[in-house]
Amino acid sequence: MRKVTWSKESEYDFDDNIEYLIRKWTEKEAQNFIDKVNEIVDILEKGNAEFKKTDYKDLRAVTVTNQIILLYRTKSKKEVEIVRFWNTYQDPKKLKD
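Going left to right, the sequence shown walks through residues 916 to 1012 as the working numbering numbers them.
So, in structure tokens, the structure goes:
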């Protein structure tokens, strides 16, 4: 099992997405988002899959919803860091590595 850590930015992004979903949609959509993230975290912990490489150094991406991707990096054989939850409608130039 690998340890999955979260950057401060990813924690803020995650909370912001949940708040947005509750405010603009419903709690059900927010819970679906949380469930999908938990499924991805489980996969990352087990270490039995690597997701799509990105153009950013050492970052990989996995789609959570049509609008949100989770960006992560493998720090070691035993640790993965969730870096950001990125809204695909944002300007990619705003994403700093």
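Ideal placement from N, C-alpha and C gives every residue a C-beta, glycine not left out.
Asked	Found
Backbone CA spacing between Arg975 and Leu986 [nearest angstrom]	6 Å
Where Tyr987 falls: helix, strand or coil (DSSP)	strand
Pick from Thr969, Ile958, Thr1003 and Val979 that is closest to Glu994, judged by C-alpha positions	Ile958
Member of Thr1003, Trp940 and Thr989 whose CA lies at the smallest distance from the CA of Lys918	Thr989
Residues that DSSP places opposite Trp1001 in a beta bridge	Ile984
Straight-line Cα distance separating Glu942 from Arg999	22 Å
Status (buried if at least 16 other CB within 10 Å, exposed otherwise) for Asp928	buried
Opposing strand residues paired with Glu994 [DSSP bridges]	Lys918 and Ser991
8 Å CB neighbourhood of Glu965 in its chain, flanking five on each side removed	Arg975 and Thr989
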